[in-house]
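Report on the structure given below.
Listed below in structure tokens is the structure:
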């Protein structure tokens, strides 16, 4: 039963970008920051993890923080 419950859980990592050049508020981060922390649909539970940093600097640590060890 626990394995079935785990199979119904999904974690999604969504990134946005901060300010750059003369743009103080990046639209990509504005959208990402408004996402809910979780979404449930029928039998699926989705956890949404958001990150404001550049993708190349956070990908490995972020994935390790939300992914169970193999």
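Numbering (the numbering used here), first residue to last: 3 to 72. Beta carbons are placed, not taken as given, at the ideal position from N, Cα and C, and that holds for glycine.
Do you know offhand how far residue 48's Cα is from residue 15's? Roughly 11 Å separates the two Cα atoms.
Residue 33 lies in the beta strand (DSSP E); which residues open and close that run? Here residue 33 belongs to no beta strand (DSSP E); instead the alpha helix (DSSP H) covers 29-35.
Hey, out of 42, 32, 22 and 9, whose CA is closest to residue 53's CA? Nearest to residue 53 by alpha-carbon distance, out of 42, 32, 22 and 9, is 32.
With a cut-off of 8 Å on the beta carbons, I'd call residue 19 and residue 30 a contact; round off their distance for me. Contact between residue 19 and residue 30 holds: their C-beta atoms lie close to 5 Å from each other, under 8 Å.
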